[in-house]
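The opening position of the sequence shown corresponds to residue 84 in my numbering, with each subsequent residue numbered one higher. Cβ atoms here follow ideal geometry from the backbone N, Cα and C, with glycine treated the same way. The structure displayed is predicted, hence computed values, not measured ones.
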Amino acid sequence: ARVGDTWTNVDYSKRAEEWMKPLVRGHQVDLVEIAANWYVDDLPPMLFIKANPNSHGFVAPQVIEQLWKDQFDWVYREMDYGVFPFTIHPDVSGRPQVLLMLERIFDYIGGHDGVEWMTFEQVAEDFRRRVPFTG
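As structure tokens, this is what we get:
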């Protein structure tokens, strides 16, 4: 990631030569981005949102559990090192049927050799140990 980039704003009322200038790059900063994965997010399939046309809300937890297992199985099989971040919302995953699903999926994933449960801070620190910032 960088901070301090500067550029000239586009101004179509002027000739391009006046505003079309190269980006001036700032300096790199030490930032570890831990990407989200909409396919391992409880909200889209399990929370009905009236104003959202593709909102489901009533997908069986067993369907979501299988999707998450399949996602994990591929990552575990194909990658030597990876992060599998869940996005869990209390208004969705606080429901009894979803809590049971989470218990099962956490037991399933945790039963694999080499799997560690970490906070995002621990993930970022582990990544930075493996891939030092060269800024």
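- Taking each of ASN92, ILE147, VAL214 and THR202 in turn and checking the Cα distance to LEU185, the smallest one comes out for ILE147.
- In this structure, the CA atom of ASN92 is about 49 angstroms from the CA atom of PRO144.
- In this structure, the beta-carbon distance from GLN154 to VAL123 falls below 8 angstroms.
- Here TRP200 is exposed. Its C-beta has fewer than 16 other C-beta atoms within 10 Å.
- Judged by beta-carbon spacing, VAL206 lies within the 8 angstroms limit of VAL166, meaning their Cβ atoms are closer than that value.
- Here ASP124 is bridged, per DSSP, to THR170.
- In this structure the segment 161-181 touches the segment 110-129; the number of beta carbon pairs closer than 8 angstroms is three or more.
- By the Cβ neighbour-count rule, SER176 is buried, with 16 or more other Cβ atoms within 10 Å of its own.
- Under DSSP, THR89 takes part in a beta bridge, and its partners are VAL107.
- For GLY140, the closest C-alpha among the options ALA134, VAL112 and MET129 is that of MET129.
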